[in-house]
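Structure record follows, encoded as C-alpha cells.
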Amino acid sequence: NSPGAFVANSIKRTKFCIGRLAQEMGLSMDRSGSRLMYDIAYKQKLSRHVQRHPLYDHKPDVRNAWIAPNALLLGRVLVSPWATIWYNAILRAEINTIRIGHFSSIGDGTVIFSSISLPVNVPPSVNIGKNVTIGDN
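Per the numbering used here, the sequence shown starts with residue 9, numbered consecutively.
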C-alpha cells in the first residue's frame, strides 16, 4: 500500500461521496418541484432498494443465480451459478471479496461481511440457515 495508491483511493471515495450527495439533492429538488406544481407523483411510495450495489469500482458478479428482490449485494460479491440468496440477506464485501459457491443457499436475514485479513468463501453445496451472521465481531 503505497502513498500514491492511498491518495488515488481517497480521491475515488471523495468522488463517490460527492456524486451520492448530488444524487440525493436532485431527488429532493424533484420532490419539491412536484409539490409546487401540485403533482401527485411525489406522493407515490417507490422502492429505492438496489439489489446489486457497486462500491467504488467493485461490482457484484452474479452468474445464473436466484437472488431475492430485497436481498443486498454490496461491493465485490461473486455468486456462482445455481446459488440462492434469500430474503433480507445482506452480503457486504467492503474490504475483501465474498464468494458463494455452486448450489449454495444463503438463508433469510443472513448477514455476511468480509474481514480485513481474509476473503469469505462459501464452498459449493452449503446451506446457511436463517438469521446467521458471518464475519468479524
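The C-beta atom is built at its ideal place from N, Cα and C for all residues, glycine as well.
### Query
Secondary structure at R39, three-state DSSP: helix, strand or coil?
helix
### Task
Can you check DSSP and say which residues form a bridge with G83?
A101
### Query
Between which two residues does the beta strand (DSSP E) carrying N129 extend?
V128 to V130
### Query
In whole angstroms, what is the alpha-carbon distance linking V140 and S88?
20 Å
### Straight-line Cα distance separating L63 from R21
9 Å
### Query
Do you know whose CA, among I114, N104 and R84, lies nearest L126's CA?
N104
### Task
Provide the residue(s) that pair with S66 in DSSP beta bridges, ordered along the chain.
Reading off the sequence shown, one finds His at residue 66, where the question assumed Ser. In DSSP, H66 forms a bridge with L63.
### Task
With a 10 Å radius around its C-beta and 16 neighbouring C-beta atoms as the bar for buried, classify A16 as buried or exposed.
exposed
### Residues near V85 in its chain [Cβ-Cβ closer than 6 Å; skip 5 each side]
P68, L99, A101 and I106
### Query
On the three-state DSSP scale, how would you describe N17?
helix
### Close beta carbons around P131, own chain, < 8 Å, minus the five adjacent residues each side
G109 and S112
### Candidates R60, G83 and S36: closest to I75 by CA position
R60
#### Entry: Reduced DSSP secondary structure (H/G/I, E/B, other) of I26
helix
### I114 classed as buried or exposed, judged by whether at least 16 other C-beta atoms fall within 10 angstroms
buried
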